[in-house]
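In this note's numbering, the protein residues as written are 1 to 846.
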């Protein structure tokens, strides 16, 4: 990940601030050029912009012209090639795709600030959240899933806007905060929030709404076109205070030019102290000690009610790994035949190894006693070498087989877990953060790939070696060899005593890793927002991640300490046994031949080390078996439904007639109904619009139609066929959707539009022409084979929606669902696309 250059933006502590202070300028760009990538053409060239304190400035323009990029340039996120950027105050930022944390609604809004009831209620009212919170059993203590998965698009946008407002910043950079809400709520927010609550604040608002662009309360409008800013002002502007008096505005902060003391920022320290990437509000490095020991902010109020809890604690098994888990793993590597092959190779290895040792003893005794040699030295050497080489070959074969079967088992369990997750109901992802899933696909799969094979093979070898050594010692030392049995019992006792705590701590270690992964993933997703809100937020998130790292490290240190404890005792016990063995050999030296003494030394002295290694490998194997235990838990996830059925005919649906009959729908069992007894019918080829307040359940109708969750009661039919009887793959492959939040997969543009390679290039260019994306795609040297970055980051949100529409047009489905499909698109382009929807979808129901 590239670092953000702290010199991209100047702050009030820089000498240049005096140039802007006399005109009360708080946002300025002077003759600046910006680019996202130094190898590409600049996005903006010689841009000039000045916004004074208290202004409401609207930024608008066509799709892909760079409105969001300009906001990023002001935040210091783009590479500045020339010119200067100045930001004179604390910033609050609303990203075009609202970033939501996996915590309660209240904690999302407070964003680490102390709870002030009066301000909090003002913010809720200005952001039109009161009625939404009233409908939730736990109110603002309701927990939000990762990335706001259990919220509508409008609710996520308003919570993110409330977070910005509650910060009480000087400058508000708001990138399309109204695109996901309906017209009535948008009007309410514009009046109460932008004209009321933020009346004394500096606001840069990105919007496509023509009523807002033409509003007399807007000081200026800026049109982004071809990398330039075209400014216009209203003939008879009104102040925001004149436009509304319904809301008491937040107090204006003391401007930077009136501060009695300008904060001096210390110079950056050495590179090893750069713990946080400097940014707009963090023009200096943080000292590790200062950040680590900053006191935690008190959590506002009591913990959220159990009724608002969404993410359950990760389940953790206790005790020994069950027989069912072991059986499941054995089946994945090939079952009984695979186990039998491993055991046979292990036994052959030991037979050949012990045989070579006994042959060497026999040979040396004959030489020492001066017996008549019946075999030449070369013959003895050939037999010994043959046995030794055979043993080595068996070791190699056993090792290869164990590793190969281990990889086969790992692949099968990986495929099974992936298949289960792809077919899991949506409620599973509501309650399981991404960290838990990534932890299983990362750490647990690595244990299957390496941990089990690299401990199972050596353990089997050591078991056979130990049995051979014990047997040889008992046979040769007669009654004294019996003393080895208590030794074996002592090792097994210590191993069992050591294994229990080690196994449980390893389980704890795995469960503490998941929140850490989730936290890092969430921080990366919201890194721009976090940096924009300033150094305090960077400190806070650093501290939160540090706490999770410390929790993980506590388990890791405990795990290591248990291993060290065991190793120390094994070493002490082994040293004692070696000393006793040597004393016994000295006592019996007159009754033993030199060859037998050598053999006893070889086996007797190796027993302690072998037993210690055996117990260590045993413990490693058992702790590694926790991985298939956790993976099998995911493999056992209940599928959301049958994938393919034969109920629907091959050409179903023929007309696309949709009928809802008394449909009630909820997202999780025992949750309140979000749809209650909904009934309506759409004739084949008919195009209807579904309207309603944000959060009213419009997207829930789409979820029910696609069977993301099964309906609680009632039925939905397409062309007279109840979709509950249609396989999910069959159903969804015959529907098309343009979602509220467009999703693009990494790969090429062609792969995204036509993942199954069913259409020729002409068909793809045709749909791109209809959605006005031909020029954008043609700019790339590789055209249709041009790259699509993760989540489509190399396209604007509006362009992503247009590509989603192109994909839907290409399929010519009989039923097409558009969920706020043009929310991020300008008014002129929206008209064109609406015409395409009405004409080019032909007889499809919409």
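Just so it is clear, CB atoms sit at the ideal spot from N, CA and C, and this is done for glycine as well.
- Residue 64 is positioned such that its CB atom lies no closer than 7 Å to that of residue 790.
- In the displayed model, residue 716 falls within a strand according to three-state DSSP.
- For residue 204, the closest C-alpha among the options 637, 130, 49 is that of 49.
- Bounds of any alpha helix (DSSP H) do not take in residue 203; it lies within the beta strand (DSSP E) bounded by 202-206.
- For residue 661, the pairing in a beta bridge is given by DSSP as 715.
- Residue 437 has its alpha-carbon roughly 38 Å from the corresponding atom of residue 778.
- With a 10 Å radius around the Cβ and a threshold of 16 neighbouring Cβ atoms, residue 60 comes out buried.
- Taking a C-beta distance under 7 Å as the contact criterion, residue 744 and residue 764 do not qualify as a contact pair.
- Taking the CA atoms as reference points, residue 719 sits about 5 Å from residue 657.
- Unbroken beta strand (DSSP E) stretches of 3 residues or longer found wholly inside the region 119-180: 171-175, given in chain order.
- Exclusion of the five residues before and after residue 140 leaves 105, 106, 133 as the residues of its chain whose Cβ lies within less than 6 Å of its Cβ.
- Look at residue 827 here: in three-state DSSP terms it is helix.
- Burial state of residue 452 is buried, judged by a 10 Å Cβ sphere holding 16 or more other Cβ atoms.
- In the three-state scheme derived from DSSP, where H, G and I count as helix and E and B as strand, residue 30 is classed as strand.
- CA-to-CA, the gap between residue 697 and residue 17 works out to about 49 Å.
- Within the region 403-443, not a single complete beta strand (DSSP E) segment reaches 3 residues in length.
- If you look at residue 84, you'll find it in the beta strand (DSSP E) that goes 79-87.
- Residue 689 and residue 817 have their C-alpha atoms spaced approximately 10 Å apart.
- Going by beta carbons, residue 58 and residue 189 fall outside the 7 Å limit.
- Residue 155 sits away from residue 102, with the two beta carbons spaced by 7 Å or more.
- The straight-line gap separating the alpha-carbon atoms of residue 388 and residue 544 is approximately 58 Å.
- In this structure, residue 76 sits away from residue 43, with a CB-CB distance that is not shorter than 7 Å.
- Going by beta carbons, residue 175 and residue 206 fall inside the 7 Å limit.
- Around the beta carbon of residue 96, 16 or more other beta carbons sit within 10 angstroms, so the residue counts as buried.
- Taking all protein chains shown into account, residue 20 has 16 or more neighbouring C-beta atoms within 10 Å of its C-beta and is therefore buried.
- DSSP places residue 10 in no alpha helix (DSSP H); its state is neither H nor E.
- Boundaries of the alpha helix (DSSP H) around residue 543: 535-587.
- Spatial neighbours of residue 663 in its own chain (CB-CB distance under 8 Å, excluding positions within 5 residues in sequence) are listed in chain order as 675, 677, 678, 679, 704, 711, 713, 714, 715, 716.
- Each residue's CA atom was taken as its position, placing residue 332 and residue 638 some 20 Å apart.
- Short of 8 Å from the beta carbon of residue 838, and not among the five residues preceding or following it, lie these beta carbons of its own chain, in chain order: 687.
- The DSSP assignment places 484-525, 527-532 as complete runs of the alpha helix (DSSP H) inside the region 479-533, in order along the chain (cut-off: 4 residues).
- The beta carbons of residue 512 and residue 555 sit closer together than 7 Å.
- DSSP, read as helix, strand or coil, puts residue 388 in helix.
- The beta-carbon separation of residue 829 and residue 62, rounded to 6 Å, stays under the 8 Å limit for a contact.
- Shown here for residue 519: same chain residues with a beta carbon closer than 8 Å to its own, the five before and five after excluded, namely 435, 544, 545, 548 in chain order.
- DSSP places residue 632 inside the alpha helix (DSSP H), whose first and last residues are 626-635.
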